[in-house]
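Asker: Numbering of the sequence shown is given in our numbering, commencing with residue 271 and proceeding in unit increments.
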Amino acid sequence: MIRGLLMVVLVIGLGALAVMGPRWFESRSAGASDAGDRPDCHPLQEACRWQTDSGQASVRIERLAGNELELTATLPTAPDRVMVLLTGETMYMGEYPLRMETTDETGHYRLRFVPPYCTTGDAMTWRASLRADGAPMGIPFNVLFQPTE
271 MIRGLLMVVL VIGLGALAVM GPRWFESRSA GASDAGDRPD CHPLQEACRW
321 QTDSGQASVR IERLAGNELE LTATLPTAPD RVMVLLTGET MYMGEYPLRM
371 ETTDETGHYR LRFVPPYCTT GDAMTWRASL RADGAPMGIP FNVLFQPTE
């Protein structure tokens, strides 16, 4: 019985590796080239600011109650729709698209979320990529955070 159970687990593990392995390696190598070209910014430790053609933009993450975080963004172009795409930087766990809501101030957006659970716990580093009206934003650094920074 134990031998049969181990075989089932082995077959499922090999199947998952065959399906997700190429995507994981592709994602990691693409991320590695981006990370080498751009510096990192940690919005839980400091506001990440950059200059655009329309003015200064910024991203910040603050800790709320429990495991909840709030990501705020100020974008001078005030796009209609702003999305954040969370991806695991230290371990690929899929992509989590999250829509930011507008605030009462033009060009200001916020998102309250709980990062996906990871078995690495505190050691998990997440990348937050912003998209404005469906297009990636040209942020000159990697927006990275660990939920417990």
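Where a beta carbon is used, it is the ideal one built from N, C-alpha and C, also for glycine.
These figures come from a predicted structure and were not determined experimentally.
#1: Evaluate Arg369 with the Cβ neighbour count: other Cβ atoms within 10 Å of its Cβ, from every protein chain shown; 16 or more gives buried, anything less gives exposed.
#2: Tell me the DSSP secondary structure of Asp307 in three-state form.
#3: Would you mind working out which of Met407, Arg397, Thr344 and Trp396 sits nearest Asp374, comparing C-alpha positions?
#4: Take Gly408 as the anchor and find which of Asp307, Met277, Cys311 and Thr322 has the nearest alpha-carbon.
#5: Which residue wins for smallest C-alpha separation from Tyr362, given the options Glu316, Thr389 and Arg273?
#6: By alpha-carbon positions, which one of Gly325, Asp310 and Ile331 ends up nearest to Ala317?
#7: Among Leu400, Leu356 and Ser399, which residue has its Cα nearest to the Cα of Val384?
#8: Which value, in whole angstroms, describes the spacing of the CA atoms of Ala348 and Asp403?
#9: Which value, in whole angstroms, describes the spacing of the CA atoms of Val413 and Gly336?
#10: Give a yes or no on whether the C-beta atoms belonging to Glu340 and Arg380 are separated by under 9 Å.
#11: Please identify the residue among Arg382, Thr360 and Tyr366 whose C-alpha is closest to the C-alpha of Thr372.
#12: So, helix, strand or coil for Ile351, using DSSP?
#13: Secondary structure at Ile331, three-state DSSP: helix, strand or coil?
#14: Mark Glu359 as exposed unless 16 or more other C-beta atoms lie within 10 angstroms of its C-beta, in which case mark it buried.
Answerer: Per the coordinate set shown:
#1: In the sequence shown, counting from the first residue as 1, residue 369 sits at position 99. Per the 10 Å Cβ criterion, exposed.
#2: Within the sequence shown, residue 307 is the residue found at index 37, counting from 1. In this structure, Asp307 counts as helix in the three-state DSSP scheme.
#3: In the sequence shown, counting from the first residue as 1, residue 374 sits at position 104. Taking Asp374 as reference, the option from Met407, Arg397, Thr344 and Trp396 with the minimal CA-CA separation is Thr344.
#4: Locating residue 408 in the sequence shown gives position 138, counting from the first residue. Considering only alpha carbons, the answer is Thr322.
#5: The sequence position of residue 362 within the sequence shown is 92, counting from 1. When the alpha-carbon of Tyr362 is set against those of Glu316, Thr389 and Arg273, the nearest one is in Thr389.
#6: As a working mapping, residue 317 is identified with position 47 in the sequence shown. Closest by alpha carbon: Ile331.
#7: The sequence position of residue 384 within the sequence shown is 114, counting from 1. Closest in alpha carbon position to Val384, among Leu400, Leu356 and Ser399, is Leu356.
#8: Stepping through the sequence shown from its first residue, residue 348 is reached at position 78. Stepping through the sequence shown from its first residue, residue 403 is reached at position 133. Spanning the two alpha carbons is a distance of roughly 10 Å.
#9: In the sequence shown, counting from the first residue as 1, residue 413 sits at position 143. In the sequence shown, counting from the first residue as 1, residue 336 sits at position 66. For Val413 and Gly336, the distance between alpha carbons rounds to 22 Å.
#10: By one-based count along the sequence shown, residue 340 stands at place 70. By one-based count along the sequence shown, residue 380 stands at place 110. Going by C-beta atoms, Glu340 is nearer than 9 Å to Arg380.
#11: What you label residue 372 is simply residue 102 of the sequence shown in a count that begins at 1. Minimum Cα distance to Thr372 is reached at Arg382.
#12: Taking the sequence shown and counting its residues from 1, one reaches residue 351 at position 81. Inspection of the sequence shows that residue 351 is occupied by Arg rather than by Ile. Reduced to three states, the DSSP call for Arg351 is coil.
#13: On the sequence shown, position 61 is the one that residue 331 refers to. Residue state, collapsed to three classes: strand.
#14: Start at 1 with the first residue of the sequence shown, and residue 359 comes out as number 89. It is buried - the Cβ of Glu359 has at least 16 other Cβ atoms within 10 Å.
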